[in-house]
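Undergrad:
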Amino acid sequence: MTERELLERFEETVGKDRRIEPRDWMPEGYRATLIRQIAQHAHSEIIGMQPEGEWITRAPSLRRKAILFAKVQDEAGHGLYLYSAAETLGADRDDLTERLISGRQKYSSIFNYPTLSFADVGVIGWLVDGAAICNQVPLCRTSYGPYGRAMVRICKEESFHQRQGYELLMTMMGGTPAQREMVQDAVNRWWWPSLMMFGPPDADSPNTARSMAWKIKRHTNDELRQRFVDMTVPQAERLGVTLPDPGLRWNAGRGHYDFGEPDWAELKRVISGDGPCNAERIARRRAAHEEGAWVREAAAAYAAKRAAGGRAA
Ligand code: FAQ
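Using the numbering used here, you'd call the opening residue of the sequence shown number 507 and step up by one each time.
Okay, structure coming up:
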């Protein structure tokens with residue numbers, strides 16, 4: 507087939523909401539966009555283990571420690587599914603890691619904020635996993651098969667994480683005035699960064715139009731941000747916390763909540779490496795990668811031995 511015929515077939519497949527699979531022909535731009543988005547997403551899951559991971563040793567009970575352990579471990583699993591999905595597009599896993607630790611590939615801005623109290627663990631579950639679900643449920647219908655299938659499992663686990671966060675916050679809100687204050691303080695600090703997770707406003711989002719046409723993204727950044735706000739306001743009311751936005755109010759005409767403008771200059775700063783914890787997050791990831799070199803070497807030696815027909819120990 508000529509390149510033109512291949513392109514027509516690709517566009518017909520996408521147009522009919524059928525999946526593109528790894529062996530199918532695809533335009534190089536489609537492949538590159540997917541690798542960029544999936545790698546950024548995988549890096550986010552792996553770096554996202556750090557802010558909550560810091561509280562494993564300080565969790566207030568054995569039950570909370572076990573829950574947090576399991577959640578952080580789930581994030582590692584999500585990263586691995588996503589790196590595997592990127593590999594089906596021809597990306598090399600070592601190269602992706604190298605791009606992350608050298609600052610050439612991004613990860614979500616949200617993980618560059620510090621976790622100052624145990625309430626932050628609950629708020630990350632409620633707001634950050636909540637935002638992740640809003641953004642990722644539509645990705646289950648993304649046009650690239652391996653990415654969509656990975657997202658189905660990830661979304662199930664993220665939903666569980668969100669409930670876990672909400673349950674923790676409900677417990678704290680039923681506690682002492684000091685505990686309630688911790689929750690409100692955490693909400694005040696995480697609300698705006700959570701809205702920024704959806705990316706820049708549509709007018710400033712260079713990738714959205716192309717990604718929507720290819721059905722990689724199913725909704726724009728602003729559509730998903732609105733969906734998140736609409737979903738979260740009643741949950742905040744039920745919890746008994748105030749969202750730190752004086753502009754937040756129900757708009758009966760639109761059938762949605764109106765809300766204030768996030769600080770887009772802050773998002774740009776954090777994305778470009780100048781957030782509160784960027785340097786620390788990357789330094790820790792780099793150290794973990796270097797300290798794990800012997801494990802990778804041992805695994806490669808074992809695989810080579812098996813491939814050569816040697817018996818496994
Ligand atoms: N942070 O043109 P757009 C999680 C970049 S959830 C950093 O709008 P696009 C679960 C963007 O890459 C978090 N960078 O881009 C969890 C682009 O840069 P480039 C991860 C951002 O791709 C919970 C440039 O700005 N979720 O980990 C951000 O069409 C709790 C222009 O932006 C995903 O990755 C940002 N917030 O839309 C784990 C979901 N926003 O590459 C642990 C999949 C934008 O052109 C604990 N990804 N940028 O130089 C997506 O849906 C999309 O990639 C967007 C961005 C919506 C994030």
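Backbone N, C-alpha and C define an ideal beta-carbon position, used for all residues, glycine too.
Please confirm whether any heavy atom of ligand 3 lies closer than 7 Å to the CB of T621.
TA: Absent from the structure shown: ligand 3. Ligands present: ligand 1.
Undergrad: How about M737: is its Cβ closer than 7 Å to a heavy atom in ligand 1?
TA: Position 231 of the sequence shown holds residue 737. Checking every heavy atom of ligand 1 against the Cβ of M737, none is found closer than 7 Å.
Undergrad: For ligand 1, any of its heavy atoms closer than 7 Å to the Cβ of P712?
TA: Walking along the sequence shown from the start, residue 712 turns up at place 206. Yes, the beta carbon of P712 sits closer than 7 Å to at least one heavy atom of ligand 1.
Undergrad: Counting only the same chain and skipping the five closest in sequence on each side, list residues whose C-beta sits under 8 Å from that of V689.
TA: Mapped onto the sequence shown, residue 689 falls at position 183. Contacts found: A625, G628, V629, L675, M678, M679, L745, V747.
Undergrad: Quick check: what's the CA-CA separation for I544 versus G705?
TA: Here the question's residue 544 lines up with position 38 in the sequence shown. Here the question's residue 705 lines up with position 199 in the sequence shown. Rounded to whole angstroms, I544 to G705 spans 15 Å at the Cα level.
Undergrad: Applying the 10 Å Cβ sphere with the 16-neighbour rule, what's the burial state of V801?
TA: For the purposes of this step, residue 801 is taken as residue 295 along the sequence shown, with counting starting at 1. Exposed.
Undergrad: Are M597 and I552 closer than 8 Å when you measure CB to CB?
TA: Residue numbering aside, residue 597 sits at position 91 when the sequence shown is read from its first letter. Residue numbering aside, residue 552 sits at position 46 when the sequence shown is read from its first letter. The sequence given here places Ala at residue 597; Met does not occur at that position. No, they are not a contact pair.
Undergrad: Helix or strand or just coil, what does DSSP make of D728?
TA: Within the sequence shown, the letter at position 222 stands for residue 728. Correct three-state label for D728: helix.
Undergrad: Hey, which unbroken runs of the beta strand (DSSP E) at 3 residues or more fall wholly within the segment 743-793?
TA: 755-757, 762-764
Undergrad: Is Q611 near Q546, with beta carbons less than 8 Å apart?
TA: Translated into positions along the sequence shown, residue 611 becomes position 105. Translated into positions along the sequence shown, residue 546 becomes position 40. The answer is yes: Cβ separation under 8 Å.
Undergrad: Assign E664 to buried or exposed, taking buried as 16 or more other Cβ atoms, counted over all protein chains shown, within 10 Å of its Cβ.
TA: Start at 1 with the first residue of the sequence shown, and residue 664 comes out as number 158. E664 should be labelled buried.
Undergrad: Just to confirm my understanding: we take A709, look at its own chain, exclude 5 residues before and 5 after, and list those with CB closer than 7 Å. What are they?
TA: Position 203 of the sequence shown, counted from the first residue, corresponds to residue 709. Within the same chain, A709 has no close Cβ partners at all.
Undergrad: State the DSSP-derived secondary structure class of Y613, mapped to helix, strand or coil.
TA: The count along the sequence shown starts at 1 and reaches residue 613 at position 107. Of the three classes helix, strand and coil, the one that applies to Y613 here is coil, per DSSP.
Undergrad: Report the rounded CA-to-CA distance for Q732 versus H762, giving the unit in angstroms.
TA: Indexing the sequence shown from 1 puts residue 732 at position 226. Indexing the sequence shown from 1 puts residue 762 at position 256. C-alpha separation (whole angstroms): 8 Å.
Undergrad: Give me the residue from R569, F575, R669 with the minimum Cα distance to V559.
TA: Residue 559 sits at position 53 when you count from the first residue of the sequence shown. Sequence inspection shows Gly at residue 559; the Val mentioned does not correspond to that position. For G559, the nearest C-alpha among the options comes from F575.
Undergrad: I need the straight-line Cα distance from D751 to A692, nearest angstrom please.
TA: Taking the first residue of the sequence shown as position 1, residue 751 is located at position 245. Taking the first residue of the sequence shown as position 1, residue 692 is located at position 186. Straight-line Cα distance between these residues: approximately 14 Å.
Undergrad: Are the Cβ atoms of L754 and S700 separated by less than 8 Å?
TA: Working through the sequence shown from its first residue, we reach residue 754 at position 248. Working through the sequence shown from its first residue, we reach residue 700 at position 194. Contact check for L754 against S700 fails: the beta carbons are separated by 8 Å or more.
Undergrad: Considering only heavy atoms of ligand 1, does any lie closer than 7 Å to the CB of F704?
TA: Taking the sequence shown and counting its residues from 1, one reaches residue 704 at position 198. At least one heavy atom of ligand 1 is nearer than 7 Å to the Cβ of F704, so yes.
Undergrad: May I ask you to verify whether the segment 641-659 touches the segment 796-816, counting CB pairs closer than 8 Å and requiring at least 3?
TA: no
Undergrad: For the segment 600-619 against the segment 783-797, do three or more pairs of beta-carbon atoms, one drawn from each stretch, fall closer than 8 Å, so that the two count as touching?
TA: Remark: three or more beta-carbon pairs, one from each stretch, lie closer than 8 Å, so the segment 600-619 and the segment 783-797 are flagged as touching.
Undergrad: Count the other CB atoms within 10 Å of the CB of L568; is the residue buried (16 or more) or exposed (fewer)?
TA: As a working note, residue 568 is residue 62 in the sequence shown. Its Cβ having fewer than 16 others within 10 Å, L568 is exposed.
Undergrad: State the beta-bridge partners of I526 as determined by DSSP.
TA: The residue labelled residue 526 in the question sits at position 20 within the sequence shown. Answer by DSSP bridge pairing, in chain order: Y650.
Undergrad: What first and last residue would you give for the alpha helix (DSSP H) that runs through S567?
TA: Against the sequence shown, residue 567 aligns to sequence position 61. No alpha helix (DSSP H) contains S567, which DSSP labels as neither H nor E.
Undergrad: What's the C-alpha gap between A771 and S615?
TA: Position 265 of the sequence shown, counted from the start, is the residue given in the question as residue 771. Position 109 of the sequence shown, counted from the start, is the residue given in the question as residue 615. Taking the straight line from one Cα to the other gives about 12 Å.
Undergrad: Count the other CB atoms within 10 Å of the CB of Q579; is the residue buried (16 or more) or exposed (fewer)?
TA: Taking the first residue of the sequence shown as position 1, residue 579 is located at position 73. Flag for Q579 reads exposed.
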